[in-house]
Structures are given as structure tokens and as C-alpha cells.
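Asks:
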Amino acid sequence: MQTGIELRNYETDTIVSSTITAINSTTASITPVTNLSPSTSYYLFVSSSVQDTDGNNLEEVWIDKTAHEFTTVPDSGAPVITLVGDSTVNLHVGDTYTELGATAVDAIDGSINVTTTGSVNTNTAGAYTITYTATDNSSNS
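For the sequence shown, the numbering used here begins at -3 and goes up steadily by one.
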């Protein structure tokens, strides 16, 4: 007997991923080939085919899709930005300033690029602001 498992979009009935590994009769590992869309319903489409001793398919059985339906959760959380250096740097006029940057991680998208704006003129006394921005794939920043 062979078993096939596909992850499908519930509304369009299109295959999102067929890279699902059955670990045992009650557990499967799902690795979508693309990011799943937030607030979209998906279901597992399971098929089994019975083969004779020569490997010929004799029968194919499809399991009801509604028993396996789930909906993804909308991504509403912003990425978390972490400074590489200190949040406040004190310099003397003429000192060298080195921007150490920042990193950002999003709960859904993982590592996110950080955009840095602002500059420091170490030849002029004053307070300077460097701003770090990170935006995830759902436009949260």
C-alpha cells in the first residue's frame, strides 16, 4: 500500500505542497514549498493506493478533506530589532564613529533586513539620531 499526502488550498483546491512525510499512521511532517498565506484555509489531501504483487494499482481511496482542515493565523507582529552596539554613544569632537548596525528577527519570516537612516558628523558637537527600521513580508514594521 502506498500513501500520498498533499497540502491544498481549501478555496481553490490547488496543491500548495506535496513534500509531506508520513512519520507513522497518525503523524505527518509538513514542509510547504512556499509561505502559506495568512487567514487562508488549507487541508491535507490523503490518498492510499493498494497494489498487487506486481506493483499494479488496484484501488485508490481518498480521505474526506474537511477532517483535516486548518486556517493559518494572520501575521500581525512586527520584527524585533536588536542593536549590535550600545544605544547611546558618547564621542569627543574629531573622534571616529563606527556604525555597528542592528539585526532583526520576525516570528514568522525569521531574519529580516534592517535599514539604517541618519548620520553622525564627529567634527560638529551635537546630538545625532540613527534610526533602524525592519519590515516583514506582511508589511509589519
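Note that the Cβ used here is the ideal one computed from N, Cα and C, for glycine as well. Bear in mind that the values here come from a model prediction, so they are computed numbers and not experimental data.
Would you say serine 72 and asparagine 136 are within 8 angstroms of each other, going by their C-beta atoms?
Replies: Against a cut-off of 8 angstroms, the Cβ pair of asparagine 136 and serine 72 comes out as a contact.
Asks: Residues in its own chain within less than 8 angstroms of asparagine 119 by CB, not counting five upstream and five downstream?
Replies: Result list for asparagine 119: Val89 and Gly90, in chain order.
Asks: Could you check which residue in Asn86, Val80, Thr78 and Asp50 has the C-alpha nearest to that of alanine 121?
Replies: The shortest C-alpha separation from alanine 121 is found at Asn86.
Asks: Threonine 148 by DSSP, collapsed to three states: which one?
Replies: Residue 148 is absent from the model: the chain starts at -3 and stops at 137.
Asks: By Cβ distance below 6 angstroms, which residues in the same chain neighbour aspartate 102 in space, the five residues on each side in sequence not counted?
Replies: Taken in chain order, the residues that qualify are Pro75, Ile108 and Asp132.
Asks: Pop quiz: valine 80 and glycine 97 are said to be a contact at Cβ under 8 angstroms. What is the actual Cβ separation, rounded to whole angstroms?
Replies: The Cβ separation is near 5 angstroms, so the contact holds.
Asks: Could you have a look at threonine 8 and say whether DSSP puts it in helix, strand or coil?
Replies: Reduced to three states, the DSSP call for threonine 8 is coil.
Asks: Confirm the yes/no value for this check: CB of serine 107, any heavy atom of the ligand ATP, distance under 7 angstroms.
Replies: Looking for the ligand ATP in the displayed structure turns up nothing, as the structure carries no ligands at all.
Asks: Buried or exposed: alanine 123, going by 16 or more other Cβ atoms within 10 Å of its Cβ?
Replies: The residue in question, alanine 123, is exposed, as its Cβ has fewer than 16 Cβ neighbours within 10 Å.
Asks: For the beta strand (DSSP E) containing glycine 106, name the first residue and the last one.
Replies: Its beta strand (DSSP E) spans residues 106 to 108.
Asks: Who are the near neighbours of aspartate 105 in its chain, counting only those whose CB is closer than 6 angstroms to its CB and skipping five residues on each side?
Replies: Excluding residues within five positions, the ones whose Cβ falls inside 6 angstroms are Asp132 and Asn133.
Asks: How many angstroms separate the CA atom of glutamate 95 from the CA atom of threonine 8?
Replies: For glutamate 95 and threonine 8, the distance between alpha carbons rounds to 48 angstroms.
Asks: Is valine 101 helix, strand or coil by DSSP?
Replies: In the structure shown, valine 101 sits in a strand (DSSP, three-state: E or B).
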